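Trainee: Sharing a structure here in structure tokens format.
Protein chains in written order, with this note's numbering: chain A, 1 to 296; chain B, 297 to 461.
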């Protein structure tokens, strides 16, 4: 095994071009487990921890440019206002020790259906900027996950930034597990209200071969909110609409039975989380509206 | 095989013939003679290998040895020194003394990791709530104590730290 230690991003891209099978390692919270358990013996480990760019973030006008290696702890501490869904999801990752090392780039690189960041990214709206010696491109988050632990990266590409849309409304994240810390999601759900476009976006984790959005549920809810004038009148979303939304979210799942839970349980739990997160975010939207009206 | 230079508990150290897939934990225990950090789950679940890497608590089993090159590591063996005390005469860091006084050590296997994690929290947050303590120690498993004595120990260390100010 070779341990490649590029000092710059350009060096890292050159190394990946020369050794396309090299395994990138940053926080090590996935890669080292596989090495410790002898599940993986890559010929080259490509250490990205010397590349300062990957640990930086920049808050822009419409989106946040998040370095691939920014640890979850930093996201929780610094980006709660801009990326509330991702900050909540980050807080559910494993333990402080893991959150101090792991970041969204690695989560995307592993592309596990259970990755905690994924539902939040899907709900917020994001693009993954990847680069190789051939150039860079942005992959929409909806096109990023291509199969169980598979993603849209080419062999010579590395993840550099994740561009995440800044929240324009309330966001929530919910995760089911057997305890609060050190839990791989049995299933997870992210929801973001986007009052600017009058849309709702979702993300489902650990209940299909890849993280997915509940497309039909979003369409149904967008239409129902629009028809009822709910974005303007700020009324409570009728229980029948919430129920239908939750059912459609359950329907978007394609889960399996495994050691963490059964397919039936996952479908059920996703519906429950969909109902709860919609209720929480909508209440918060209504509260914010009342405040604005009160001030006016 | 490679050479790794790393500062451990304030002392520059060098490890030779390190395998590229080796963890920092292995280097500490097997090459540098520092067995305080414990090897248990090797997957970041148990926290018994917790050390500080450039000040930040991490699971040393998940840090590749080469990633520690040129970095500063503090292990449980360095806590007393870090606490500004002399290591001679077996003098302990306040958090270590508090664990003994509160009876927070049973089999002792989880203790080094808990000490490093608790010490870092007390440095950052001198007046922690119970919730803060639970959160800070949520990555450290103990199968003996039921955690209550550990909570007592950290509260005691925090109280003594407050008095000392």
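Ideal Cβ placement from N, Cα and C applies to all residues, glycine included.
Since the model is a prediction, treat every value here as computed from it, not as a measurement.
#1: Three Cβ pairs or more, each shorter than 8 Å: is that satisfied between the segment 156–167 of chain A and the segment 103–120 of chain A?
#2: So for residue 260 (chain A), helix, strand or coil by DSSP?
#3: Taking the Cβ atom as the reference point for each residue, do residue 122 (chain A) and residue 213 (chain A) lie within a distance shorter than 8 Å?
#4: Between A:78, A:202 and A:279, which lies nearest to residue 142 (chain A) when the distance is taken from Cα to Cα?
#5: Check whether the Cβ of residue 78 (chain A) lies closer than 8 Å to any Cβ atom in chain B.
#6: Compute the Euclidean distance between the alpha carbons of residue 311 (chain B) and residue 253 (chain A), then round it to the nearest angstrom.
#7: Kindly list, in the order they appear in chain A, the residues whose Cβ is closer than 7 Å to that of residue 346 (chain B).
#8: Nearest to residue 314 (chain B) by CA position, among B:367, B:322, B:325 and B:297, is which residue?
#9: Leaving out five residues before and five after residue 140 (chain A) in sequence, what residues of the same chain have Cβ atoms less than 6 Å from its Cβ?
#10: Between residue 46 (chain A) and chain B, is any beta-carbon pair separated by less than 8 Å?
#11: Rank B:440, B:367 and B:404 by C-alpha distance to the C-alpha of residue 308 (chain B) and give the top, closest one.
#12: In three-state DSSP terms, what is residue 178 (chain A)?
#13: Closer than 6 Å by C-beta to residue 308 (chain A): which residues in its own chain qualify, once you throw out the five before and the five after it? Chain order, please.
#14: Classify residue 81 (chain A) as buried or exposed, calling it buried when 16 or more other Cβ atoms lie within 10 Å of its own Cβ.
#15: Verify whether the separation of the beta carbon atoms of residue 10 (chain A) and residue 84 (chain A) is less than 8 Å.
#16: Taking 8 Å as the threshold, find out whether the segment 321–331 of chain B comes into contact with the segment 68–78 of chain A through three or more Cβ pairs.
#17: Could you confirm whether any beta carbon from chain B is found closer than 8 Å to the beta carbon of residue 101 (chain A)?
#18: Quick check on DSSP: helix, strand or coil for residue 272 (chain A)?
#19: Anything in the segment 432–458 of chain B with a Cβ closer than 7 Å to a Cβ of chain A? List those residues in chain order, please.
#20: Which chain B residues sit within Cβ distance under 7 Å of residue 2 (chain A)?
#21: Shortest alpha-carbon distance to residue 365 (chain B) belongs to which of B:455, B:301 and B:439?
#22: Out of A:105, A:255 and A:261, which one is the CA nearest neighbour of residue 56 (chain A)?
#23: Can you round the beta-carbon distance between residue 274 (chain A) and residue 249 (chain A) to whole angstroms, since I take them to be within the 8 Å contact cut?
#24: What distance in whole Å lies between the Cβ atoms of residue 12 (chain A) and residue 48 (chain A), which are believed to be in contact at a cut-off of 8 Å?
#25: Does residue 245 (chain A) have its Cβ less than 8 Å from a Cβ in chain B?
#26: Could you compute how far the alpha carbon of residue 446 (chain B) sits from the alpha carbon of residue 286 (chain A)?
#27: Looking at chain B, is there any beta carbon in it that lies within less than 8 Å of the beta carbon of residue 28 (chain A)?
#28: Is residue 36 (chain A) close to chain B? Criterion is C-beta to C-beta, closer than 8 Å.
#29: Count the other CB atoms, across all protein chains shown, that sit within 10 Å of the CB of residue 116 (chain A); report buried if there are 16 or more and exposed otherwise.
#30: Where do the ends of the alpha helix (DSSP H) carrying residue 133 (chain A) lie?
#31: Helix or strand or just coil, what does DSSP make of residue 334 (chain B)?
#32: Does the Cβ of residue 174 (chain A) have 16 or more other Cβ atoms within 10 Å, making it buried, or fewer, making it exposed?
#33: Could you check what DSSP says for residue 314 (chain B) in three-state terms: helix, strand or coil?
#34: By the DSSP assignment, the beta strand (DSSP E) with residue 158 (chain A) in it spans what residues?
#35: Along the segment 326–359 of chain B, where does the CB come closer than 7 Å to a CB of chain A? Name the residues.
#36: Residue 363 (chain B) versus chain A: which residues are under 8 Å apart at the beta carbon?
Mentor: In short, the structure shows the following:
#1: Because the criterion of three Cβ pairs below 8 Å is met, the segment 156–167 of chain A and the segment 103–120 of chain A touch.
#2: Here residue 260 (chain A) refers to the residue found at position 260 when the first chain is read from its first residue. Three-state result, residue 260 (chain A): coil.
#3: Walking along the first chain from the start, residue 122 (chain A) turns up at place 122. Walking along the first chain from the start, residue 213 (chain A) turns up at place 213. Against a cut-off of 8 Å, the Cβ pair of residue 213 (chain A) and residue 122 (chain A) comes out as a contact.
#4: Here residue 142 (chain A) refers to the residue found at position 142 of the first chain. When A:78, A:202 and A:279 are compared, the shortest CA-CA separation from residue 142 (chain A) is found for A:202.
#5: As a working note, residue 78 (chain A) is residue 78 in the first chain. No - not a single Cβ of chain B is within 8 Å of the one on residue 78 (chain A).
#6: The sequence position of residue 311 (chain B) within the second chain is 15, counting from 1. The sequence position of residue 253 (chain A) within the first chain is 253, counting from 1. In this model, residue 311 (chain B) and residue 253 (chain A) are separated by some 50 Å (Cα to Cα).
#7: Here residue 346 (chain B) refers to the residue found at position 50 when the second chain is read from its first residue. Annotation: Cβ neighbours of residue 346 (chain B) in chain A (cutoff 7 Å, chain order): 97.
#8: On the second chain, residue 314 (chain B) is found 18 positions in, with the first residue counted as 1. Minimum Cα-Cα distance from residue 314 (chain B) among the listed residues B:367, B:322, B:325 and B:297 corresponds to B:297.
#9: As a working note, residue 140 (chain A) is residue 140 in the first chain. Excluding sequence positions up to five before and after residue 140 (chain A), its CB lies within less than 6 Å of the CB of 127, all in the same chain and listed in chain order.
#10: Counted from its first residue, the first chain places residue 46 (chain A) at position 46. Answer no: the Cβ-Cβ gap between residue 46 (chain A) and chain B never drops below 8 Å.
#11: Counting from one through the second chain, the residue named residue 308 (chain B) turns up at place 12. Taking only the C-alpha atoms, the option nearest residue 308 (chain B) is B:367.
#12: Walking along the first chain from the start, residue 178 (chain A) turns up at place 178. DSSP places residue 178 (chain A) in coil when its eight states are reduced to three.
#13: Lying before the first or after the last residue shown, residue 308 (chain A) is absent from chain A, which here runs from 1 to 296.
#14: Translated into positions along the first chain, residue 81 (chain A) becomes position 81. With fewer than 16 Cβ atoms within 10 Å of its Cβ, residue 81 (chain A) is classed as exposed.
#15: As a position in the first chain, residue 10 (chain A) is number 10, starting the count at 1. As a position in the first chain, residue 84 (chain A) is number 84, starting the count at 1. With respect to residue 84 (chain A), residue 10 (chain A) sits apart: the two C-beta atoms are not nearer than 8 Å.
#16: With a cut-off of 8 Å, the segment 68–78 of chain A and the segment 321–331 of chain B do not count as touching, because too few Cβ pairs lie within range.
#17: Indexing the first chain from 1 puts residue 101 (chain A) at position 101. Yes, residue 101 (chain A) counts as interfacial toward chain B.
#18: Residue 272 (chain A) sits at position 272 when you count from the first residue of the first chain. Helix, per DSSP.
#19: Listed in chain order, the positions of the segment 432–458 of chain B with a beta carbon within less than 7 Å of a beta carbon of chain A are 432, 434 and 435.
#20: As a working mapping, residue 2 (chain A) is identified with position 2 in the first chain. In chain order: 316.
#21: Reading the second chain from its first residue, position 69 is the one you call residue 365 (chain B). Scanning B:455, B:301 and B:439 for the CA closest to the CA of residue 365 (chain B) turns up B:301.
#22: On the first chain, residue 56 (chain A) is found 56 positions in, with the first residue counted as 1. The residue from A:105, A:255 and A:261 with its alpha-carbon nearest to that of residue 56 (chain A) is A:105.
#23: Position 274 of the first chain holds residue 274 (chain A). Position 249 of the first chain holds residue 249 (chain A). That pair is a contact at about 4 Å.
#24: Within the first chain, numbered from 1, the residue matching residue 48 (chain A) stands at position 48. Within the first chain, numbered from 1, the residue matching residue 12 (chain A) stands at position 12. Sure, about 6 Å apart at Cβ, within 8 Å.
#25: Residue numbering aside, residue 245 (chain A) sits at position 245 when the first chain is read from its first letter. Closer than 8 Å: no.
#26: Locating residue 446 (chain B) in the second chain gives position 150, counting from the first residue. Locating residue 286 (chain A) in the first chain gives position 286, counting from the first residue. Residue 446 (chain B) and residue 286 (chain A) have their C-alpha atoms some 43 Å from each other.
#27: Locating residue 28 (chain A) in the first chain gives position 28, counting from the first residue. Under the Cβ distance rule, residue 28 (chain A) counts among the residues neighbouring chain B, one pair being separated by less than 8 Å.
#28: Numbered from 1 along the first chain, position 36 holds the residue referred to as residue 36 (chain A). Yes, because at least one Cβ of chain B sits closer than 8 Å to the Cβ of residue 36 (chain A).
#29: Taking the first chain and counting its residues from 1, the one referred to as residue 116 (chain A) is at position 116. Answer is buried; the Cβ neighbour count reaches 16.
#30: In the first chain, the residue the question calls residue 133 (chain A) occupies position 133. Boundaries for residue 133 (chain A): no alpha helix (DSSP H) harbours it, and the DSSP string shows neither H nor E there.
#31: The sequence position of residue 334 (chain B) within the second chain is 38, counting from 1. Three-state DSSP puts residue 334 (chain B) in coil, outside helix and strand.
#32: Taking the first chain and counting its residues from 1, the one referred to as residue 174 (chain A) is at position 174. So residue 174 (chain A) ends up on the buried side.
#33: Position 18 of the second chain, counted from the first residue, corresponds to residue 314 (chain B). Looking at residue 314 (chain B) - three-state DSSP - the assignment turns out to be strand.
#34: By 1-based counting over the first chain, the position of residue 158 (chain A) is 158. Unbroken beta strand (DSSP E) run through residue 158 (chain A): 158–165.
#35: Result list: 338, 339, 340, 341, 343, 346, 352, 353, 354, 355, 357, 358 and 359.
#36: On the second chain, residue 363 (chain B) is found 67 positions in, with the first residue counted as 1. In chain order: 25, 28, 47 and 49.
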